[in-house]
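Have a look at the structure below, then the notes.
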Amino acid sequence: MKKIIAVDIDDTLGEYHQTFLEFYNATYNTKFKKDDFCHIEWEKTWGISQEEMILRTIAFDKSGAKERIAPRQGAQEMIKKLAKSHILHIVTNRPIEIKANTEWWIEKYFPGKFTDMHFCGKGSKIIRSKSTVCKNIRAPILLEDHYRNAHACAN
0 MKKIIAVDID
10 DTLGEYHQTF
20 LEFYNATYNT
30 KFKKDDFCHI
40 EWEKTWGISQ
50 EEMILRTIAF
60 DKSGAKERIA
70 PRQGAQEMIK
80 KLAKSHILHI
90 VTNRPIEIKA
100 NTEWWIEKYF
110 PGKFTDMHFC
120 GKGSKIIRSK
130 STVCKNIRAP
140 ILLEDHYRNA
150 HACAN
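For the sequence shown, numbering that gives the first Met the number 0 assigns the number 0 to the initial residue and increments by one for each residue that follows.
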């Protein structure tokens with residue numbers, strides 16, 4: 000029986016951070032660089048609430064800028080290889096409101112490789128943790144760039 004692997008999208012499969020920063024700086028008249036971030040909770044660097052951060056994520060998605068997100072180097076090859084011997088699920092903190100555009104991006108760069116997608120955000124809230132989703136889908140492995148999410152799933 001094939002094992003299930005959960006896979007994050009942003010900065011795991013795709014180069015989200017840089018593309019989002021370009022949009023953010025242009026939209027909010029700021030000059031942030033990737034080096035300005037010492038933690039993954041960008042709202043702390045920007046001095047805004049998590050709710051506002053999610054609303055700005057939705058604005059980014061609606062702007063069309065997300066179409067410029069490129070896959071990370073080696074991600075397509077890795078997923079193609081893993082899909083041969085595993086069942087792959089997307090597990091993301093993205094809000095459900097951007098599901099259609101997320102599906103579009105995944106199918107553009109990783110066509111037919113993922114069995115299901117699980118969104119942990121809704122509106123301006125995180126409604127469930129990635130570790131809860133991994134437990135529910137019986138995924139013993141999470142490919143993730145955020146150490147806290149990876150650690151929570153490992154425990």
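For each residue, glycine too, the CB sits at the ideal point set by N, CA and C.
Requested in this report: Using the Cα positions of MET77 and LYS43, report the straight-line distance between them to the nearest angstrom.
Outcome: 32 Å
Requested in this report: Report all residues from its chain with a CB closer than 7 Å to the CB of ARG67; omit the five preceding and five following residues, and keep chain order.
Outcome: THR18
Query raised in the report: So, ILE8 versus ARG127, is the Cβ gap smaller than 8 Å?
Result: no
Requested in this report: Would you tell me roughly how many angstroms separate the C-alpha atoms of PHE59 and THR26, rounded to the nearest one?
Outcome: 9 Å
Requested in this report: Keeping to the same chain, check which residues put their C-beta closer than 7 Å to that of PRO70; ignore five residues upstream and five downstream.
Outcome: LEU12, GLY13 and TYR108
Query raised in the report: Taking C-alpha atoms, which residue in GLY120, TRP41 and ILE97 lies nearest to LYS65?
Result: ILE97
Query - Beta-ladder partner(s) of PRO139, from DSSP - result: Beta-bridge pairing links PRO139 to no other residue.
Requested in this report: Consult DSSP for THR91 and reduce its assignment to one of helix, strand or coil.
Outcome: strand
Query - CB-CB length for LYS1 against ILE86, believed under 8 Å - result: 5 Å
Report task. Look at ALA138 and ILE53 and say whether their C-beta atoms are less than 8 Å apart. Result -> no
Report task. Give the straight-line distance between the Cα atoms of GLY120 and GLU102, rounded to the nearest whole angstrom. Result -> 15 Å
Query raised in the report: By how many angstroms is the C-alpha of LYS134 removed from the C-alpha of MET162?
Result: Residue 162 lies beyond the stretch modelled for the chain, which goes from 0 to 154, so this question has no answer here.
Requested in this report: Return helix, strand or coil for ALA69, following the three-state DSSP convention.
Outcome: coil
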